[in-house]
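Those letters in the sequence shown? Residues -26 to -1, 1 to 403, by mature numbering (1 follows the signal peptide of the UniProt record, and there is no 0).
Ideal placement from N, C-alpha and C gives every residue a C-beta, glycine not left out.
Down below is the structure, laid out as structure tokens.
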Amino acid sequence: MKHRGRHRRRKQGRAVRAFLAGTALALTAAATMISASQATVGDNPGALEPLTRDAETRALRLQEQLVPQTTLDELASGMGKPVGVRAVLQSADRTLRAASGCTADERTALPVAPTATRAYCWDAADTRNWRAGAVTTSGDADDDGWWNDNRVLLSGWSRGTADRGLARVAFVDANDVDHLRYASALLVVPVDGGRDYRALSSRLTGMVWYQDKLLVTAADGLYVYDMNRVQRTTVDSAAVGRVGDGWSAHGQRFVLPAVGSYRLNGTGTAPRLGAVSLDRSTAPDSLVASEWTPADSEEHSRLWRYDFSKDPARAGLPATDATGAASAVEAYETEASGIRGLLSHRADGTERSDWYLGRAPGATDRQGSLWRQDTEGAEATRCGSENAPRCWGVQAGPLSYWEATGEVWSQSGRMLFAVPLTSIDRALG
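Spelled out as structure tokens, the structure:
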């Protein structure tokens, strides 16, 4: 379990100073890749339109369904005592290369503006045939950025089709940002009363680690995982689940079994869940979500938030009513489509939140775009001699704000990177 009081006292010491140490990377080579055609793409999603009527927000309600404790106990009885994050980090034997060791082709996936101050590329052999789709950190888990004695990055990956796929999470040891190491755990769902498990087949599009829970988007809802319930596997095979007297996870040494799920079951037109992230600038802390729509489509997207529960018995879970339903406490519509990354943040002394939207490249664009929106308008990060708005990563990915360091973590292609939020704001045109 987490020892919040003990490690929080280190907050002003080595935690932030060590993580912020070092010189920013000079990752400007991608600036030469801006084409003239990009400068002509000036689409503007405009101001956010508040959705306030019940008829507009009821489709955003999530219905909670927790896995019975007896099922989790049965699984632990068969697999052995659950372990935690530290056990996964201690087994980390894969490395991420610093940007200087990445190929020129890998680095072209990075944003043009603002430039990344930290960047790494994944082990190519380990990630082949896997697609990156989500990022969260111990900066989400706790506001001081530590999980017990570790600083951690989590990266979600998917492979295969929607009904025959796999999803896993890479646990990255970020205690030394110059030498990142990781190990992975397969995301699974208990079945047969905990006597077996199946793979989570949904493609990951968002992920938030809040307190001891990991919330993962899964098409029409969320799956919830308990970070204190990591289980070790005993069989190294391509199978997923119980294998004779052992347990297999497609070659992974750990599994995370789901402890609950939420389904969008409100009446009306239910959205397909896309990106999610944590907003610590609200009271209480909140989970923000965006609707998945195709890039270049004419579809407008909805953005909304749920409050997290303040009940200690429901740590890390959304607030629900007596029926187990979580309702959106704030919702908007934007003219943007193709949203793949989302942040909501309220600066000190302000009464409203800024919404940052990372948008996928259109059919004629190389780079994605990053917009900041509110109810009065929108601004994009801009770059190049034409002051073009298409400056974000080649594959616009998730956005996760690490409050203690002021950094926004994201991923584009095989590149994991960080950009200060202040740099994003300065790059807005």
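Give every residue of the same chain whose Cβ lies closer than 7 Å to the Cβ of residue i, excluding the five residues on either side of it in the sequence, and list them in chain order.
| i | result |
| --- | --- |
| threonine 110 | Leu128, Met181, Val182, Trp183 and Ser374 |
| valine 62 | Phe145, Ala157, Ala159, Val204 and Phe228 |
| asparagine 202 | Met(-26), Pro56, Gly58 and Asp186 |
| alanine 148 | Arg125, Val126, Leu127 and Leu154 |
Looking at the strands, I want to know which residues DSSP matches up with residue i.
| i | result |
| --- | --- |
| leucine 291 | Answer is none; leucine 291 lacks a bridge partner. |
| proline 24 | Tyr306 |
| leucine 317 | Tyr330 |
| arginine 216 | Trp221 |
| serine 65 | Looking at the DSSP assignment, serine 65 forms no beta bridge with any residue, so it has no partner. |
| alanine 232 | Tyr199 |
| glutamate 265 | Leu247 |
| glycine 351 | Asp348 |
Thinking residue i and residue j are a contact (beta carbons under 8 Å), I'd like their distance in whole angstroms, please.
| i | j | result |
| --- | --- | --- |
| proline 88 | arginine 400 | 7 Å |
| threonine 207 | serine 222 | 6 Å |
| leucine 174 | serine 251 | That pair is no contact at about 20 Å. |
| alanine 378 | aspartate 186 | At roughly 18 Å, the Cβ-Cβ gap does not stay under 8 Å, so alanine 378 and aspartate 186 are not in contact. |
| serine 65 | arginine 105 | Their Cβ separation, rounded to whole angstroms, is 24 Å, which puts serine 65 and arginine 105 out of contact at 8 Å. |
| leucine 161 | leucine 230 | 5 Å |
| arginine 279 | alanine 302 | 6 Å |
| threonine 108 | leucine 154 | Reading off the sequence shown, one finds alanine at residue 108, where the question assumed threonine. No, alanine 108 and leucine 154 are not in contact; Cβ-Cβ is about 17 Å, not under 8 Å. |
| glycine 351 | glycine 20 | 7 Å |
| leucine 22 | threonine 308 | 6 Å |
Sorted by chain position, which residues of the same chain lie with C-beta nearer than 6 Å to residue i's C-beta, five sequence neighbours on each side aside?
| i | result |
| --- | --- |
| glutamate 273 | Thr267 and Ser311 |
| threonine 294 | Glu38 and Ala300 |
| serine 283 | Leu291 and Ala293 |
| aspartate 166 | none |
| serine 255 | His319 and Arg320 |
Does the Cβ of residue i have 16 or more other Cβ atoms within 10 Å, making it buried, or fewer, making it exposed?
| i | result |
| --- | --- |
| glycine 403 | exposed |
| glutamate 265 | buried |
| aspartate 79 | exposed |
| aspartate 47 | exposed |
| threonine 355 | buried |
| arginine 27 | exposed |
| aspartate 219 | exposed |
| serine 211 | exposed |
| glutamine 369 | buried |
| glutamate 304 | buried |
| alanine -6 | Since pLDDT at alanine -6 reaches only 42, below the 50 mark, its modelled position is unreliable, and the value read off the structure follows with that caveat. When all chains shown are included, alanine -6 counts as exposed. |
| glycine 54 | exposed |
| alanine 232 | buried |
| arginine 333 | buried |
Which residues bound the beta strand (DSSP E) around residue i?
| i | result |
| --- | --- |
| valine 126 | 126 to 133 |
| glycine 332 | 328 to 333 |
| glutamate 381 | 381 to 386 |
| alanine 362 | That residue, alanine 362, is in no beta strand (DSSP E); it is neither H nor E in DSSP. |
| aspartate 114 | Unbroken run through aspartate 114 is the alpha helix (DSSP H), 112 to 115; no beta strand (DSSP E). |
| lysine 187 | 187 to 192 |
Report all residues from its chain with a CB closer than 8 Å to the CB of residue i; omit the five preceding and five following residues, and keep chain order.
| i | result |
| --- | --- |
| alanine 93 | Leu(-2), Leu1, Ala72, Ala73, Cys76, Arg81, Leu84, Met389, Leu390, Phe391 and Ala392 |
| alanine 98 | Arg388 |
| glutamine 214 | The displayed chain sequence assigns valine, not glutamine, to residue 214. Excluding positions up to five away in sequence, the list reads Leu140, Leu160, Val162, Tyr171, Arg172, Ala173, Ser222, Ala223 and His224. |
How far does the alpha helix (DSSP H) with residue i in it reach, from first residue to last?
| i | result |
| --- | --- |
| threonine 308 | Looking at the DSSP string, threonine 308 is not in any alpha helix (DSSP H); the run it does join, the beta strand (DSSP E), is 304 to 308. |
| serine 51 | 43 to 53 |
| leucine 395 | 395 to 401 |
| glutamate 80 | 78 to 81 |
| serine 74 | Counting along the chain, serine 74 falls outside any alpha helix (DSSP H), and DSSP gives it neither H nor E. |
| threonine 101 | 98 to 101 |
| alanine 159 | Where alanine 159 is concerned, there is no enclosing alpha helix (DSSP H), although the beta strand (DSSP E) it sits in stretches over 155 to 165. |
For a cutoff of 8 Å on Cβ pairs, would you count residue i as touching chain B?
| i | result |
| --- | --- |
| glutamate 353 | Going by chain labels, chain B is absent from the structure shown, which holds only one protein chain. |
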